[in-house]
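Start counting the sequence shown at 5; every next residue gets the next number (the UniProt record's numbering).
Working notes, structure below.
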Amino acid sequence: LITLKEAYKDYFKIGVAVNPDTLKNDGELIRTQFNSLTAENLMKPEELQPEEGRFTFEGADQIVQFAKENGMAMRGHTLLWHNQTPDWFFKDGDKTASRELALERMKTHIDTVLERYTDGFYAWDVVNEVIEDKGTDILRQSQWLEVVGEDFIEKAFQFAREASPEMGLFINDYNESHPEKRDKYYTLIKQLVDKGTPIDGVGLQAHWGLEDPSLDNIRAAIEKYASLGLTLQVTEMDVSVFNYDDRRTDLTEPTSEMLEKQAERYDAFFKLFREYSEHIDSVTLWAASDRYNWLNDFPVRGRKNWPMLFDENNQPKESFNRITAFK
Ligand code: G3I
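Below, the structure is given as structure tokens:
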């Protein structure tokens, strides 16, 4: 049986999100099928710098070590986020930190993380999920926005470029293929580019489902982002078997209709990625198999989902067969 990384070697890297547990339990599958790794959680601000000046690299280092041992590339996630970021970044005693203090902390964090995690890395998410989903505001409310102001994004890219001049510097977001959010995402990135911000690429998280988003909307999003002349990366792909509003909890295994539809969707998505492989240089799945993935807890706690290419026994699913069948 051909592997994912062999099937796609002339197109783009095939990545997977991991943590020390999955490297231990599913290491064989991960090293055989994929050639790029992203830390699912362990390179986020709360993990790398839980208290000011106390950096904790142990877990993240294990992932880098695994990549090195197996000749895999690393994709970094994420220097800045509104989530999984400790409050100390934004506080000065009991008061809110000044813009200057918050920027100094931003710079220290970015410098320190990139000093350690440049070698072996081809890209980093510099900012994650800064776009507001609803209404007309482009930027999401966040402590970075409140304390630093709108230019926190430019500042982050500038600091990252200075710290790691060759790194692929990415902005990353979800609902990237929904027309309204797509247009906001595009507008923000275009403004950044026009201002000369050192940004190299656009991350499409690709948390998709059996119905939504439509293939047409995905294609339109890819074309629109590609028109900016930046590199595209699919950064967190999964295909949920439940529509977002479906809160059923009674299924103990996926139906055959779900698996068939999922295979058709994966097939169509990867066909599209191959078609645009001049722009797309990596596609990362947000877990290796159905055994463990974040959708088992979201949006319904404890409910199982089966969104990945390998099943709960790490065996290839029909989705895997379809996306490798072109070879
Ligand atoms: O570490 C604690 C553990 O000590 C505790 O026992 C356990 C009990 O729930 O929680 C553990 O923390 C969890 C953490 O993952 C580590 O497993 C958090 O509750 C849980 O909320 C957290 O979820 C992560 C989520 O980001 C947080 O926002 C998911 O694993 C991770 O897959 C997800 O990844 C995000 C991307 O970074 C950005 N895009 C969306 C994507 C999916 O939400």
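Ideal placement from N, C-alpha and C gives every residue a C-beta, glycine not left out.
Since this is a predicted model, take the numbers as computed values, not measurements.
In this structure, the C-beta of Trp290 approaches the ligand G3I to less than 7 Å from one of its heavy atoms. Rounded to the nearest whole angstrom, the CA to CA distance from Phe163 to Asp14 is 33 Å.
Beyond the five residues adjoining it in sequence on each side, Pro258 comes within less than 7 Å, by CB distance, of Val245 and Trp310 in the same chain, given in chain order. A direct Cα-Cα distance of roughly 15 Å separates Ala101 from Thr112. Separation of Thr116 and Leu5 (C-alpha to C-alpha, rounded to the nearest whole angstrom) is 42 Å. The beta carbon of Ala272 is closer than 7 Å to those of Leu219 in its chain, skipping five residues each way along the sequence.
Between Glu240 and the set Thr7, Gly153 and Tyr178, the nearest pair of CA atoms involves Tyr178. The criterion of a C-beta distance shorter than 8 Å is not satisfied by Leu52 and Gly19. One alpha carbon belongs to Gly233, the other to His182, and they sit about 21 Å apart.
Inter-residue distance for Lys9 and Arg165 is about 30 Å (C-alpha atoms, whole angstroms). Nearest neighbour of Glu316 by Cα position, chosen from Ala11, Leu33 and Pro24, turns out to be Leu33.
Distances from the CA of His211 to each of Asn176, Leu118, Pro202 and Val68 were compared; the closest alpha carbon is that of Asn176. In this structure Ile327 does not touch Leu276 by the C-beta definition: roughly 11 Å separates them, more than the 8 Å allowed.
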